[in-house]
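With the sequence shown counted from 1, adding 234 to any position gets you the numbering used here. For glycine and all other residues, C-beta sits at the position ideal for the given N, C-alpha and C.
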Amino acid sequence: MAMGSPQRRGRRQPMAEINVTPMVDVMLVLLIIFMVTAPLLVTGVPIDLPDSKANALKNDEKPIQVSIDSSGQVFIDQMKVPGETLAAKLAALREARQDDARVYVRADRGLDYGRVMELVGEVSSAGFRKVALVSDSRPEKARK
């Protein structure tokens, strides 16, 4: 009988390999969770944005965000700014930033169109040439 030596017949060899499949599965689940929750942590001022079918703009530098909420309060990058000092703050930001600084204007959907255009006009008169209006591209059901 040439089936093997009698010493090895009943013994198993210990497995010296690591099974990485469960670790990869867990890491992929964690990656998906992070990708889903990370955009929710970005917004600072709670604003009900209007819907749009436009694609997001690609940018390399962090833009300046000018927000106006439903009560008409204006924020620059999450810092509340009184209306009378808005032009001075924007001018100071313009001096500190590059020529191609991008400004995102975020406005609540319940605001009057004229008020939003006043804010865009103030941003433009401060010297910013790349002004974009931010909208919500998610469907109505996904927001609620």
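To which residues does DSSP link residue i through a beta bridge?
| i | result |
| --- | --- |
| V337 | I298, V365 |
| M249 | BP columns for M249 are empty, so no partner. |
| F309 | S301, K314 |
So residue i packs on residue j, CB below 8 Å; how close in whole Å?
| i | j | result |
| --- | --- | --- |
| D285 | D370 | 6 Å |
| V357 | V300 | 6 Å |
| L324 | A366 | Contact flag wrong, Cβ pair sits at about 15 Å. |
| Y338 | P297 | 5 Å |
| D282 | D342 | 5 Å |
When the Cα atoms are used, what is the spatial distance from residue i to residue j?
| i | j | result |
| --- | --- | --- |
| G355 | M269 | 36 Å |
| R328 | D311 | 14 Å |
Considering only C-alpha positions, which residue in the set the options is nearest to residue i?
| i | options | result |
| --- | --- | --- |
| R186 | Y347, D334, Q247 | Outside the displayed span of the chain (235 to 378) sits residue 186, for which this structure offers no information. |
| L320 | A330, E329, F309 | F309 |
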